Structure formats: C-alpha cells, structure tokens
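**Student:** As you go down the protein sequences, you meet chains V and H in turn.
Note that the numbering used here has the first sequence beginning at 424, numbered continuously upward.
Note that the numbering used here has the second sequence beginning at 56, numbered continuously upward.
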Amino acid sequence: KAGVTQTPRYLIKTRGQQVTLSCSPISGHRSVSWYQQTPGQGLQFLFEYFSETQRNKGNFPGRFSGRQFSNSRSEMNVSTLELGDSALYLCASSRTSAGGYNEQFFGPGTRLTVL
Amino acid sequence: AQSVTQLGSHVSVSEGALVLLRCNYSSSVPPYLFWYVQYPNQGLQLLLKYTSAATLVKGINGFEAEFKKSETSFHLTKPSAHMSDAAEYFCAVSVTGGGNKLTFGTGTQLKVEL
Chain V
424 KAGVTQTPRY
434 LIKTRGQQVT
444 LSCSPISGHR
454 SVSWYQQTPG
464 QGLQFLFEYF
474 SETQRNKGNF
484 PGRFSGRQFS
494 NSRSEMNVST
504 LELGDSALYL
514 CASSRTSAGG
524 YNEQFFGPGT
534 RLTVL
Chain H
56 AQSVTQLGSH
66 VSVSEGALVL
76 LRCNYSSSVP
86 PYLFWYVQYP
96 NQGLQLLLKY
106 TSAATLVKGI
116 NGFEAEFKKS
126 ETSFHLTKPS
136 AHMSDAAEYF
146 CAVSVTGGGN
156 KLTFGTGTQL
166 KVEL
C-alpha cells in the first residue's frame, strides 16, 4: 500500500509570490491534515480536511488556505510569501475525522524556502 | 486546550544505555498521547500511542512508554540504545472531539554515542 505522497519535495520561492503544495493520502483515507515545521516554532497544526470540508483550523493567517478534492487529495496554498514561511510542510492522512484517536500517517514533507 | 512539554531538547546516551525521553501533558479531558520519531529529511513515524487502554504501551523498535495520570506524564524509554535510534522524537496529544489535530511538543534530539 502506497504511503502519503507530497509534491514537490523541495521548492524555492521569493517573497510576495504564492505557492501550492499537494498531498495524496493513503488509499481509503478521507482525512488530510497539514502541519508546518520550523526550527523556531516547532510543529504547528495548520488545518484538517475531511470529505472536502475544513474540519479544524490552527492559528495561521488567512494567507494560508487549503482544499480537498473528491478523491481526498489535498492542496494547501500560501499567498504573498514571507521569509518566515520557510518551513517543512507535512501532510498526514487518516481514515476518519471522528473522535480524538485516529492514527495519522505522515508524508515526507515539502521543504519550502522563501528568499 | 491541551499542551505538551518535552524536557530536554537534546539528550545524549551511550550505545547500550537506557534511553529516557520525558514528556508531560496538560489536558482538561482524557488525552490520547503519541510518540513520533523523525529522521533527517523525513516525515514523522509513529512509535507508539496511548488510547486509554493499557497504561504501559509498547511500540516499535523496542520503545515503550507509561501513561501516569497522577504525574501527567508519558515518558518514552528503551532499555538499550542503538546507533540507529539517533533521531528527533516528538510527543503529541489529541483529545476526543478534537478531530485529528495533534499538538506537539518541541522535540528532543537523541544522540547515541559509541
């Protein structure tokens, strides 16, 4: 069974640009969550999508947005990039979004560098 | 709201020695607790989880953790460290009704020396 895939793996952008990252969950998984990992702030929850609906949102500005398609693939978008957006963006998928325990499987991440 | 505190951002042990990585949590409702490991340039891999069943949880690669409600702790241990255990370890918490949102600790970098 294929794991969670994220594309691209590495990305370099300049300030003010926008970027779209993609995540393909494990087959049969309907929930996709996104996390940002930086040396300063650690791992922070961005948002979760389930059945094409945003179920949960972290404390990030509106420049960070996402969506989920009917095949459960998800994209996240960051507009007007800032230097501080440089991070490893991790995607995780799980079967459901109910309750507090749903084993999540993480992808390898997309390393975004903003110059 | 829930939170996790990991004591010690860097831990160094000798190969063959006991590994102890500390995690304390705060949650107003019964938590679900997790330990994840991250190797360089990779995503997170689940080591073990506590989901209100047995308080002593065994995971992969010889790791285990004990949930102690009275101490609000969930420390990760391994009797004998191996060079391949060198990685960053994250403790995380989620709660019922919280969806799939994980709140992570700041991580502990484990170094294993010969």
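For each residue, glycine too, the CB sits at the ideal point set by N, CA and C.
Note that the coordinates shown come from a computational prediction; the quantities given were computed from them, not determined experimentally.
Can you check whether the C-beta of T106 (chain H) is within less than 8 Å of a C-beta belonging to chain V?
**Tutor:** By this cut-off, T106 (chain H) is an interface position.
**Student:** Rounded to the nearest angstrom, what separates R496 (chain V) and G426 (chain V) at their Cα positions?
**Tutor:** Spanning the two alpha carbons is a distance of roughly 13 Å.
**Student:** For H65 (chain H), count the other beta carbons within 10 Å of its own beta carbon; 16 or more makes it buried, fewer makes it exposed. Which is it?
**Tutor:** Burial call: exposed.
**Student:** Scan the segment 136 to 149 of chain H for residues whose Cβ lies nearer than 7 Å to a Cβ of chain V and list them as they occur along the chain.
**Tutor:** Of all residues in the segment 136 to 149 of chain H, F145, S149 have a Cβ within less than 7 Å of some Cβ in chain V.
**Student:** Expressed to the nearest angstrom, what Euclidean distance is found between the alpha-carbon atoms of S82 (chain H) and Y524 (chain V)?
**Tutor:** Rounded to the nearest angstrom, the two C-alpha atoms are 15 Å apart.
**Student:** What runs of the beta strand (DSSP E), each 3 residues or longer, lie entirely inside the segment 60 to 141 of chain H?
**Tutor:** Complete beta strand (DSSP E) runs here, min 3: 65 to 69, 74 to 81, 86 to 93, 99 to 105, 111 to 113, 119 to 123, 128 to 133.
**Student:** Taking 8 Å as the threshold (beta carbon to beta carbon), is T161 (chain H) in contact with chain V?
**Tutor:** It does; some Cβ of chain V falls within 8 Å.
**Student:** Taking Cβ-Cβ distances shorter than 7 Å, what residues in chain B pair up with P448 (chain V)?
**Tutor:** Structure shown: chain B not included; protein chains present are V and H.
**Student:** Whole angstroms is fine: what's the gap from F145 (chain H)'s alpha carbon to P462 (chain V)'s?
**Tutor:** Their backbone Cα atoms lie some 13 Å apart in a straight line.
**Student:** Within 10 angstroms of its Cβ, does F410 (chain V) collect 16 or more other Cβ (buried), or is it exposed?
**Tutor:** The structure shown has nothing for residue 410 (chain V), since chain V only spans 424 to 538.
**Student:** Based on the DSSP secondary-structure assignment, which residues constitute the bridge partners of I449 (chain V)?
**Tutor:** DSSP lists no partner for I449 (chain V).
**Student:** Would you mind working out which of V:F529, V:S454, V:I435 sits nearest S493 (chain V), comparing C-alpha positions?
**Tutor:** Minimum Cα distance to S493 (chain V) is reached at V:S454.
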